[in-house]
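Enquirer: Sequential numbering from 512 applies to the sequence shown in our numbering.
Sharing a structure, written as structure tokens. Questions coming.
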Amino acid sequence: MKLTLMMKSGEKIQVDIKVSSVSPSIAIMSELSKKNKEQDDLEFIQYENLRIDDLSHVDDWYSKLEALSKHNMRKYKTVMTDEVVDIQPTDPHKALDTFKRLYPRNRVWQLAVDGQYYTRVTGNSNEQSRRDKGWLQYERTEPGSLKAFFRGLNQALKNIDDKEISHELIKALHECVTKDVFGINAGINIGDYRDSEATFAIDVKQGRITQEGLTDLLNKIENNELGSGLDDNRQVLFDKSSGLPAGIFGVALVVGIGSGSLWSVLPTAFDSTTIGIKEKKEELMREGEIKDTSNEALAEYIITQWGGYRYQGTSALEIERIMNEVIAHYNDKIKYLTDPDEILELIGTTTECFERIHPFGDANGRTFVNLLQNRLLIQNGFPPATLFQPNVYDVFGNHVAVLKRGMQNTFDIYQGKDIFGYYMHRENTLKEQDFFLNMDELSEFVVQEFSNPLFALLEASAASPVQDAQVIQEALGFTDDLLLKLDCIDEAIAKINPTDFKAISLFDSVFTQLISDIPLPQYNQTSDDFALQELHMQIEQRVSVHQNTMKKVEQERDKEKEERISESVLLNECIEDLQHCIDDIKKSVKEKYNIQFFEDPTLLGSKKAIETAEKLLSILNGEKNVSLDTDEMKALNNPLLNKVVAKYKTLLDEYISYSFQKVQSSRG
């Protein structure tokens, strides 16, 4: 696995820890020495999103991560030996109806896009050739590919009562997934078999090779099951070369090349001496490299010593004949099989044969794995298979276990669960998901909408604040997924007013309680314990996000507090200014009306007029502890009093308006 050494200077140093007698800590120290770095300069060591800052504990940390990563990358491809997954078929039409009813329109893309491209589980970087955000990069690489796949899916689901495979069906599916797709191999025959040789590389690092799968391929090559070859060079191994020589027809392997050049090999790049598989095994055994001349021993050697190979499929001149044999075999056997596992084995083996023949210039996986295979599954009463890595059909084997894992993934989607550690509502915005909503090709599928139940709780709390953590726990009862619950809590906290310390503390306490209830892993190498380890890894990432969320809340709260203090000081100053001004206004009005009015004090004295006016204004301003006596009530009809009130109120309103504008300006 590759580790990143994060230096205090900000520099990043990559260390590839390979299988050897050297421990990770020694490999790290060696790399630091090569770079003239001191151990004290090391801030932390990182693998994917996980990190450790204590070099003395790195060996144990690495060992556990390595075991978990290997387990995860196999678990997501196939059912493990200590798991029991019993999937019983139902009526084919019921299986089809369930698929359209429960597989959401905005998630059908997961049948087409490799799960390994977008997974977030520990170990993904070991095999991930690129890191996608769902389907986005897949569609950008070949615009129109998803629409074409959905079109092909509809074609595959037509007339499911016809259980036979035909050339016409296969070619129709291929045409659907390649037509109007930009970026696909320009030289292919759309809807027809290729007329030239096809090669592709397989690297051990891609996680697509097992010893049993490669053994099976070598057996079939030796038995001429993938083509007889048209010259003396048929079914050969090309040793330590950089490609296939021109003019070689039929199945062939190129081995002994560095993994870095696997994808850049061209089939006409060189001339080379060839050696037969049988001769190569005898040579390796003489040299003590393998224990016997079995293909199992050769497969192990290819995987461990050469790290991969380049494969050339069935000759273009023999495609029709070999395809006929595979099609006839399936059509004959499917009529009599009743055992679910035997049916799945036949479907998996048939898909594998088509992949190895590789009859099309491009889009073989889409045609056979993503479309035809799912048609065959539904025709036999099974759900379609949502696969982590569809390319496992080259040399992986374990067909029943692979299909059961894929079907279990589909059942999880039926139940609204997220698969491969990818939480769609968290990763893809609603605007991004709009891509699928108006597609005619998906009109028969429903839309899955996710709504955080805590948002509704927050809206209701505006009238009746949440007082009990139990209410939050009950709202989260819609799912058993702990990670989804933690995400919901953090999303809710982000919406709460930072000053509502009580509410935030309540949600924070639920978050803490949820993770405190999770038992610690025992590291006993069982599937259940690996699942618990992965859960803790994902919790660790959520806790980091949660801490950042709480930190932002605290910062907002401090900012709000500072603003309140600033406003309070400003308002107090304004109130003092306002009081002084009111006093000045009162004085001015009193002086003015004392001089100009009430020469006849018997009606209403000037002093009394001012006092009555003040009381009246207080009442009009909503003060409840002020009242007018009988004489003051009589004075309400006095025009002079009205003039005093009007003059007094106008001046007061003008100053209040001025003060309000001053406060607003200071806040802005």
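Just so you know, even glycine gets a beta-carbon here, dropped at the ideal spot from N, CA and C.
Verify whether the separation of the beta carbon atoms of leucine 795 and leucine 729 is less than 8 Å.
Expert: Cβ distance not < 8 Å, so leucine 795 and leucine 729 don't count as in contact.
Enquirer: Below 8 Å between beta carbons: does that hold for lysine 581 and serine 1038?
Expert: No, they are not a contact pair.
Enquirer: Using three-state DSSP, classify glutamine 525 as helix, strand or coil.
Expert: Three-state DSSP puts glutamine 525 in a strand.
Enquirer: Put lysine 682 into one of helix, strand or coil per three-state DSSP.
Expert: Of the three classes helix, strand and coil, the one that applies to lysine 682 here is helix, per DSSP.
Enquirer: Report the start-end ranges of each alpha helix (DSSP H) in the segment 917–950 that is 4 residues or longer and not cut off at the edges.
Expert: The qualifying runs are 935–938 and 941–948.
Enquirer: By how many angstroms is the C-alpha of valine 982 removed from the C-alpha of leucine 882?
Expert: In a straight line, the C-alpha of leucine 882 is about 45 Å away from that of valine 982.
Enquirer: Output the distance between the C-alpha atoms of glycine 521 and glycine 799, rounded to the nearest integer angstrom.
Expert: Each residue's Cα considered, the two are about 48 Å apart.
Enquirer: Among Gly645, Asp1001, Ala606 and Lys513, which has the Cα closest to the Cα of phenylalanine 931?
Expert: Nearest option by C-alpha distance: Gly645.
Enquirer: Report the start-end ranges of each alpha helix (DSSP H) in the segment 567–600 that is 4 residues or longer and not cut off at the edges.
Expert: For the segment 567–600, whole alpha helix (DSSP H) runs of length 4 or above, ordered along the chain, are 569–586.
Enquirer: Determine which residues share a DSSP beta bridge with leucine 561 and list them.
Expert: Bridge partners of leucine 561: Tyr558.
Enquirer: Please tell me whether leucine 857 has its Cβ less than 8 Å away from any Cβ of chain D.
Expert: The chain inventory of the structure shown lacks chain D, comprising one protein chain alone.
Enquirer: Name the one or two DSSP bridge partners that glycine 819 has.
Expert: Bridge partners of glycine 819: Asp714.
Enquirer: Pick helix, strand or coil for leucine 516, following the three-state DSSP scheme.
Expert: Correct three-state label for leucine 516: strand.
Enquirer: Counting pairs of beta carbons, one from the segment 917–926 and one from the segment 612–620, are three or more of them closer than 8 Å?
Expert: The answer is yes - the segment 612–620 touches the segment 917–926, with three or more Cβ pairs under 8 Å.
Enquirer: In whole angstroms, what separates the C-alpha of asparagine 963 from that of cysteine 999?
Expert: So the alpha carbons of these two residues sit roughly 6 Å apart.
Enquirer: Within the same chain, show all residues whose beta-carbon is closer than 7 Å to that of phenylalanine 1183, passing over the 5 residues directly before and after it, in chain order.
Expert: The question about residue 1183 has no answer here: the residues shown for the chain are numbered 512 through 1179.
Enquirer: From this set, Tyr573, Asp905, Asn891 and Leu561, which residue's C-alpha is nearest isoleucine 539's C-alpha?
Expert: Among Tyr573, Asp905, Asn891 and Leu561, the Cα nearest to that of isoleucine 539 belongs to Tyr573.
Enquirer: Per the contact definition of three or more C-beta pairs closer than 8 Å, is the segment 716–734 in contact with the segment 899–908?
Expert: Yes, the segment 899–908 touches the segment 716–734.
Enquirer: Give a yes or no on whether the C-beta atoms belonging to aspartate 569 and serine 536 are separated by under 8 Å.
Expert: The amino acid occupying residue 569 in the given sequence is valine; aspartate does not appear at that position. In contact: valine 569 and serine 536 (Cβ atoms closer than 8 Å).
Enquirer: Could you check whether the segment 687–707 touches the segment 662–672, counting it as contact only if at least three pairs of C-beta atoms, one from each stretch, sit closer than 8 Å?
Expert: Short answer: they touch.
Enquirer: Between the beta-carbon of glutamate 943 and the beta-carbon of serine 826, is there less than 8 Å?
Expert: Not closer than 8 Å, so no.
Enquirer: Determine, using beta-carbon pairs with one atom in the segment 675–684 and one in the segment 880–896, whether at least three such pairs fall under 8 Å.
Expert: With a cut-off of 8 Å, the segment 880–896 and the segment 675–684 count as touching, because enough Cβ pairs lie within range.
Enquirer: Could you give the DSSP three-state label for isoleucine 1029: helix, strand or coil?
Expert: It is coil, neither helix nor strand.
Enquirer: State the start and end residues of the unbroken alpha helix (DSSP H) segment that holds phenylalanine 899.
Expert: Where phenylalanine 899 is concerned, there is no enclosing alpha helix (DSSP H), given that its DSSP letter is neither H nor E.
Enquirer: Is asparagine 560 buried or exposed, if buried means 16 or more other CB atoms sit within 10 Å of its CB?
Expert: Flag for asparagine 560 reads exposed.
Enquirer: Closest to isoleucine 833 by CA distance: which of Val903, Ile845, Gly738 and Arg797 is it?
Expert: When only C-alpha atoms are compared, the closest one is Gly738.
Enquirer: Answer yes or no: do valine 590 and alanine 912 have a C-beta to C-beta separation smaller than 8 Å?
Expert: In contact: valine 590 and alanine 912 (Cβ atoms closer than 8 Å).
Enquirer: Please state if the CB of aspartate 564 and the CB of glutamate 554 are separated by a distance shorter than 8 Å.
Expert: Yes, they are a contact pair.
Enquirer: Using a threshold of 7 Å, is the CB atom of lysine 1126 nearer than that to any non-hydrogen atom of the ligand FMN?
Expert: With respect to the ligand FMN, the structure offers nothing, as it holds no ligand at all.
Enquirer: Identify every residue that forms a DSSP beta bridge with valine 906.
Expert: Ile720, per the DSSP bridge assignment.
Enquirer: Could you check how far apart the C-beta atoms of alanine 986 and leucine 968 are, in whole angstroms? I think they sit under 8 Å.
Expert: About 5 Å; that satisfies the 8 Å criterion.
Enquirer: Using only CA atoms, which one of Asp991, Gln816 and Asn735 lies nearest to aspartate 714?
Expert: Of the listed residues, the one whose Cα sits closest to aspartate 714 is Gln816.
Enquirer: So, are the CB atoms of leucine 764 and tyrosine 820 less than 8 Å apart?
Expert: For leucine 764 and tyrosine 820, yes; Cβs fall inside 8 Å.
Enquirer: Enumerate in chain order the residues of its own chain whose CB-to-CB distance from arginine 1068 is below 8 Å, with the five nearest sequence positions on each side excluded.
Expert: Around arginine 1068: Pro1009, Thr1010 and Phe1012.
Enquirer: Does DSSP classify leucine 828 as helix, strand or coil?
Expert: The answer is coil: DSSP assigns leucine 828 none of H, G, I, E or B.
Enquirer: Rank Lys674, Val837 and Gly702 by C-alpha distance to the C-alpha of lysine 731 and give the top, closest one.
Expert: Closest option to lysine 731, Cα to Cα, is Val837.
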